[in-house]
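Student: Just passing along the structure, written as structure tokens.
Residue numbers (UniProt numbering), protein chains in the order written: chain V, 1 to 265; chain C, 1 to 265.
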């Protein structure tokens, strides 16, 4: 339990201030020395995030991790690129009428900020899933992923976004996971991928992949903890505001058994 | 654990078919009788959802419940209205520079489909929170909420959206909850509200309110279970696809203690 002074500051969304305040209290007690930065996290931390918005993307695949990263963006400088084929609002609606049997109109649109052709500089590409992953018309997305992958610090996939990345070949040889309810169809898209189950998420060098939808939120918290200065404090504070109990063990995945996904090596 | 045949159908996103298939197996065994509909859920179920998009709304407050309801919309007809002051893309960016100290550009925009003046017919209004709740400029939102509330079947608030609803006076006399990390400031906005803690969410007649951000996802699942035919099966299937472990007890709220919120009567 954090002391009251920290909570009070927290309520004002000022974690960075709280941390500086704590340091200012602690430092004199240890002889005035400012603790050295244990690594160069602050220099190497990725700043520029691109989110892919293919037709029929899952909104929670995008906005779960995005909300978590937005909390981080209030503690350190971050930039967001929302990438699509054109600058027209990106649609979440399914292409095939069979995916919307009851003729519902429940498909919001989101405004892209760059096209794939713009190819803005990004450090991290986040690929969401949803019905998008089963689309037969992913050519421009796959071309863009292939082109940008070598330049990335990190590739992050959410849910069946791993199927899209697999189709682009960028997961080949990597350990990766995906939605356990869609395991057979998604893993078939990447026969050269080392698919891992059970797994809430999998880290493999520059490639981070998460399981179904809400697993992307836990991946985002872990990413912040590992890659940003004061990441653990920032993640835990943000989780409090979101009232999200972070799943901290990447192997904590009840859905693999639930959907009869075999245990991988 | 569901039998394999059901899981297979589930993977094809066809819960309704699976349920009909199950009924076709079960019915002959009980004499061919189709079980009577236990209530008129299918007639009275709300169909038309409006989401309020005030400036600086939290994206996860909107897109968490929206993703859950979108899953429902693949099993029954639903309509979505995204409501804002104008049809210009609704911004999530804070109004005050002090809310974005590191000059981050991490604020997506979402396309509204109606203005408040359009006043489209809706059965449910969903009010998200975020920095929006602390805005001094909520006049048009408050006017709209006051106007539409008497016509609604249900009002749903997510996170600090309860603060916005409280400012409109529509929570007065109702039992309600809100984000525990923002408890003091939000409850001060509604001195006539019967604020409840601990609570992941609170149902009080036509008013459903949820605690911080991700609590809106659990509220949405509970709403589906209670208000739609086959709601429990639909909710559980959708939770599997989202890999979300639903919090099913509205009193299951560790954040009240974490943020020192007093227990209410």
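Cβ atoms here follow ideal geometry from the backbone N, Cα and C, with glycine treated the same way.
Tell me which residues of the segment 45–61 of chain V have at least one Cβ-Cβ distance to chain C shorter than 7 angstroms, keeping chain order.
Tutor: 58, 59 and 60
Student: What are the start and end residues of the beta strand (DSSP E) that includes residue 207(V)?
Tutor: Working through the first chain from its first residue, we reach residue 207(V) at position 207. 207–210 is the extent of the beta strand (DSSP E) around residue 207(V).
Student: Compare the C-beta of residue 214(C) with all C-beta atoms of chain V and state if any pair is closer than 8 angstroms.
Tutor: Counting from one through the second chain, the residue named residue 214(C) turns up at place 214. Answer yes: the Cβ-Cβ gap between residue 214(C) and chain V drops below 8 angstroms somewhere.
Student: Assign residue 251(V) to buried or exposed, taking buried as 16 or more other Cβ atoms, counted over all protein chains shown, within 10 Å of its Cβ.
Tutor: Against the first chain, residue 251(V) aligns to sequence position 251. It counts as exposed.
Student: Measure the alpha-carbon distance for residue 262(V) versus residue 238(C) and round it to whole angstroms.
Tutor: To locate residue 262(V), count along the first chain from 1; it is residue 262. To locate residue 238(C), count along the second chain from 1; it is residue 238. Spanning the two alpha carbons is a distance of roughly 22 angstroms.
Student: Can you name the residues of chain C whose CB is closer than 8 angstroms to the CB of residue 136(V)?
Tutor: Start at 1 with the first residue of the first chain, and residue 136(V) comes out as number 136. Simply none; closest approach about 16 angstroms.
Student: When we look at the beta-carbon of residue 191(C) and count the other beta-carbons within 10 Å, is it buried (16 or more) or exposed?
Tutor: Looking up residue 191(C) in the second chain gives position 191. Exposed is the call here.
Student: What is the DSSP secondary structure of residue 164(C), counted as helix, strand or coil?
Tutor: Walking along the second chain from the start, residue 164(C) turns up at place 164. Helix at residue 164(C).
Student: In this structure, what does DSSP give as the bridge partners for residue 124(C)?
Tutor: Position 124 of the second chain, counting from 1, holds the residue named residue 124(C). Paired residue(s): 49(C) and 154(C).
Student: Please check if any C-beta of chain V sits within less than 8 angstroms of the C-beta of residue 5(C).
Tutor: Along the second chain, read from residue 1 onward, the residue named residue 5(C) stands at position 5. Any answer about residue 5(C) is weak, because its pLDDT of 38 lies below 50 and its placement is not dependable; what the coordinates show is given next. It does not; no Cβ of chain V falls within 8 angstroms.
Student: State yes or no: is the beta carbon of residue 30(V) nearer than 8 angstroms to at least one beta carbon in chain C?
Tutor: The count along the first chain starts at 1 and reaches residue 30(V) at position 30. Because the pLDDT at residue 30(V) is just 32, under 50, the model does not fix this residue reliably, and the point stays unresolved.
Student: Using a beta-carbon distance below 8 angstroms, is residue 21(C) in contact with chain V?
Tutor: The residue labelled residue 21(C) in the question sits at position 21 within the second chain. Only weak support exists for where residue 21(C) lies, its pLDDT of 35 falling under 50; the coordinates are left without a value.
Student: To which residues does DSSP link residue 92(C) through a beta bridge?
Tutor: Taking the second chain and counting its residues from 1, the one referred to as residue 92(C) is at position 92. Answer by DSSP bridge pairing: none, since residue 92(C) is not bridged.
Student: Could you name the residues of the same chain whose beta carbon sits closer than 7 angstroms to that of residue 108(C), not counting the 5 residues immediately before and after it, in chain order?
Tutor: Start at 1 with the first residue of the second chain, and residue 108(C) comes out as number 108. Correct list, in chain order: 59 and 92.
Student: Here's the rule: buried if 16 or more other CB atoms are within 10 angstroms of the residue's CB, otherwise exposed. What is residue 143(V)?
Tutor: Counted from its first residue, the first chain places residue 143(V) at position 143. It counts as exposed.
Student: From residue 230(C) to residue 156(C), what does the alpha carbon distance come to, in whole angstroms?
Tutor: Taking the first residue of the second chain as 1, we reach residue 230(C) at position 230. Taking the first residue of the second chain as 1, we reach residue 156(C) at position 156. Straight-line Cα distance between these residues: approximately 21 angstroms.
Student: In terms of alpha-carbon separation, which member of 200(C), 86(C) and 260(C) lies closest to residue 117(C)?
Tutor: Mapped onto the second chain, residue 117(C) falls at position 117. The candidate whose alpha carbon is nearest that of residue 117(C) is 86(C).
Student: Strictly below 9 angstroms CB to CB, what residues from chain C border residue 111(V)?
Tutor: Mapped onto the first chain, residue 111(V) falls at position 111. Those are 89, 108, 109, 110 and 111, listed as they occur along chain C.
Student: Flag residue 69(C) as yes if its beta-carbon sits less than 8 angstroms from any beta-carbon of chain V, otherwise no.
Tutor: As a working mapping, residue 69(C) is identified with position 69 in the second chain. With 8 angstroms as the cut-off, residue 69(C) counts as an interface residue toward chain V.
Student: According to DSSP, is residue 105(C) helix, strand or coil?
Tutor: Counting from one through the second chain, the residue named residue 105(C) turns up at place 105. Reduced to three states, the DSSP call for residue 105(C) is strand.
Student: Scan the segment 222–237 of chain V for residues whose Cβ lies nearer than 7 angstroms to a Cβ of chain C and list them as they occur along the chain.
Tutor: Within the segment 222–237 of chain V, no residue has a Cβ that lies closer than 7 angstroms to any Cβ of chain C.
Student: Which of helix, strand or coil does DSSP assign to residue 79(V)?
Tutor: On the first chain, position 79 is the one that residue 79(V) refers to. Residue 79(V): strand per DSSP, three-state reduction.
Student: Would you please state the rounded distance, in angstroms, between the beta carbons of residue 79(C) and residue 242(C)? I believe it to be under 8 angstroms.
Tutor: Here residue 79(C) refers to the residue found at position 79 of the second chain. Here residue 242(C) refers to the residue found at position 242 of the second chain. With a Cβ gap of about 22 angstroms, residue 79(C) and residue 242(C) do not count as contacting.
Student: Does residue 153(C) get closer than 8 angstroms to chain V when you measure Cβ to Cβ?
Tutor: As a working note, residue 153(C) is residue 153 in the second chain. Closer than 8 angstroms: no.
Student: Across the segment 69–84 of chain C and the segment 91–106 of chain V, are there enough close Cβ pairs to call them in contact, namely three or more that are closer than 8 angstroms?
Tutor: yes
Student: Identify which residue in 141(V), 146(V), 135(V) and 256(V) has its Cα closest to the Cα of residue 293(V).
Tutor: Residue 293(V) cannot be examined here, being either before or after the span of chain V that is shown, 1 to 265.
Student: Measure the alpha-carbon distance for residue 64(C) versus residue 173(C) and round it to whole angstroms.
Tutor: Looking up residue 64(C) in the second chain gives position 64. Looking up residue 173(C) in the second chain gives position 173. Going by the C-alpha atoms only, they are around 28 angstroms apart.
Student: Taking residue 258(V) as the query, report the chain C residues whose CB atoms sit under 7 angstroms from its CB, ordered along the chain.
Tutor: As a working note, residue 258(V) is residue 258 in the first chain. Here the neighbours are 240.
Student: Can you pull the DSSP bridge partners for residue 203(C)?
Tutor: The residue labelled residue 203(C) in the question sits at position 203 within the second chain. Under DSSP, the beta-bridge partners assigned to residue 203(C) are 208(C).
Student: Which of helix, strand or coil does DSSP assign to residue 68(C)?
Tutor: For this step, residue 68(C) is matched to residue 68 along the second chain. In the structure shown, residue 68(C) sits in a helix (DSSP, three-state: H, G or I).
Student: Check each residue of the segment 167–188 of chain V: if its Cβ is closer than 8 angstroms to any Cβ of chain C, include it; give the result in chain order.
Tutor: 179, 180, 181, 182, 184 and 185
Student: Just to confirm the assignment, what range does the alpha helix (DSSP H) spanning residue 189(C) have?
Tutor: Residue mapping note: residue 189(C) aligns to position 189 of the second chain, counting from 1. Per DSSP, residue 189(C) belongs to no alpha helix (DSSP H) and is neither H nor E.
Student: How long is the line joining the alpha carbons of residue 226(C) and residue 160(C), rounded to whole angstroms?
Tutor: Here residue 226(C) is taken as the residue at index 226 of the second chain, counted from 1. Here residue 160(C) is taken as the residue at index 160 of the second chain, counted from 1. Each residue's Cα considered, the two are about 24 angstroms apart.
Student: Could you check what DSSP says for residue 261(C) in three-state terms: helix, strand or coil?
Tutor: Against the second chain, residue 261(C) aligns to sequence position 261. It is coil, neither helix nor strand.
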